[in-house]
Amino acid sequence: MSNGYSSGIEPTISINNLHRIYHLEGEDIHAVNGISLDIWPNYMTAIVGRSGSGKTTLLNLVAGLDNSTQGDIHILGRNLSAMNEPERLNMRLHEIGFVFQSFGLMPLLSAFENVSIPLRMRGASPRERDAQVREALEWVGLAERAKHRPYELSGGEQQRVAIARALAAHPKLILADEPTGQLDTRTGRRILDLLRRLVVEREITVVIVSHDPQVMQEADVVHEMRDGRLMETRIKPGIVLPDGSKGNTAYMEDSRSAYTVA
C-alpha cells in the first residue's frame, strides 16, 4: 500500500486487499475483510479492536500461521503466499519473535531453559546459546531469576521471560498478542516500557494486537479494526512515517477516549 510518497525505506510488513473467509455451517464469516496497510520498521505499531474485530486473525495471517482467502502479505521483503510451510517456519524461527497473552512458558523448565528453546531449535551451539540467553535475561532484568520455574515467578516476571525468549534469537520483528492482557495496569506499563526499549535500543519492529488503552497511548501507530475491516489509522504527533504520513494532534485524545471493553 502506498500514498505515492517514497523515502526509499521498505515496510517491514505490507498488506494489500487481504481477506480471510471462514465457511461455518453454510455461512461465510469475513474475519478479515479487505485490509490494506503498511507497518514500518523501527516503530511500535498497535492493531486494536474489540473481541471479534479480526485483529488476532490478522496477526495469525501475518505470522504465516493461517492462509488468506485473497490478497497479499509481504513480510521482511518476501511474499508470504509464495512461501511453503518449511520456508515460513524458517522465517518464524530466525527472524520473528513472539510474545503471547498467556506467556507460553513450559511449566517444568526454568526461565533460562524457556528462553533457550528457540535457540535450540535454530541449532545454536551451547556456548552461543548460553551467552544469548544470559544476555536476554539480563536485558529484561531477570538474570537473578534464571533458575526459577514459571510457577515461582509473578505474572509480570513471566511475561519478561517471554520477551527475553523472543529477544534471544535477535529477531527483526516481534509480534505480541495481548501482551498486557493478564497483567494489572502497573505491571502492564512495565511490559510496554520493555517493548518500547526493543524499538529504541534494538531497532526491532514491534507489532502489538490489543484492546488495552495503555497500548493505544504508547504505540507510534494505531490501526483500529472493526468487523474485519480497517476503520482508522492514528499516528502520534511529531512522527512522520517513511511514506510521508504524519501524526495528528487528535491522537492522544482519541487514545484516552478509546473503549476499554474487550
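Residues in the sequence shown are numbered from 1448 upward in steps of one, following our numbering. We put the beta carbon where it would ideally sit given N, CA and C, even for glycine.
For Gly1602, does the three-state DSSP call read helix, strand or coil?
helix
With a 10 Å radius around its C-beta and 16 neighbouring C-beta atoms as the bar for buried, classify Gln1517 as buried or exposed.
exposed
Between the segment 1463-1471 and the segment 1636-1648, do at least 3 Cβ pairs fall closer than 8 Å?
no
Could you compute how far the alpha carbon of Met1672 sits from the alpha carbon of Arg1574?
44 Å
From this set, Ser1557, Met1530 and Gln1605, which residue's C-alpha is nearest Val1587's C-alpha?
Gln1605
Need the endpoints of the alpha helix (DSSP H) that Ser1563 sits in, please.
Here the alpha helix (DSSP H) through Ser1563 covers Ala1558 to Arg1569.
Quick check on DSSP: helix, strand or coil for Ala1442?
No information on residue 1442 is available, as it lies outside the stretch 1448 to 1709 that the chain covers here.
Helix, strand or coil, according to DSSP, for Ser1528 in the structure here?
helix
Would DSSP call Thr1492 helix, strand or coil?
strand
Just to confirm, are Val1656 and Glu1625 a CB contact at a threshold of 8 Å?
yes
Which ranges does the beta strand (DSSP E) cover as unbroken runs of at least 3 residues, wholly within the segment 1588-1665, from first to last along the chain?
If only complete runs of 3 or more residues are kept, the segment 1588-1665 shows the beta strand (DSSP E) at 1620-1624 and 1652-1657, in order along the chain.
What did DSSP end up calling Asn1537 once you bin it into helix, strand or coil?
helix
So, at 8 Å on beta carbons, what are the nonlocal neighbours of Ala1478 in its own chain, with the 5 sequence-adjacent residues on each side left out?
Arg1467, Ile1468, Tyr1469, Gly1501, Thr1504 and Gly1675
Could you name the residues that DSSP lists as bridge partners for Glu1582?
According to DSSP, which records beta bridges pairwise, Glu1582 is partnered with nothing at all.
Please report the distance separating the alpha-carbon of Glu1665 from that of Ile1686.
Taking the straight line joining both Cα atoms gives about 13 Å.
What number of angstroms, rounded off, separates the C-alpha of Leu1620 from the C-alpha of Val1580?
18 Å
Would you call the CB atoms of Thr1632 and Val1662 closer than 8 Å?
no
Pairing CB atoms from the segment 1561-1578 with CB atoms from the segment 1519-1528, are three or more of them under 8 Å?
no
When the distance is taken between beta carbons, is Leu1622 closer than 8 Å to Ala1510?
yes
Kindly indicate the opening and closing residues of the beta strand (DSSP E) around Ser1461.
For Ser1461, the uninterrupted beta strand (DSSP E) run begins and ends at Ile1460 to Leu1471, by DSSP.
Suppose you measure from the CA of Leu1677 to the CA of Glu1585; what does that come to, to the nearest Å?
38 Å
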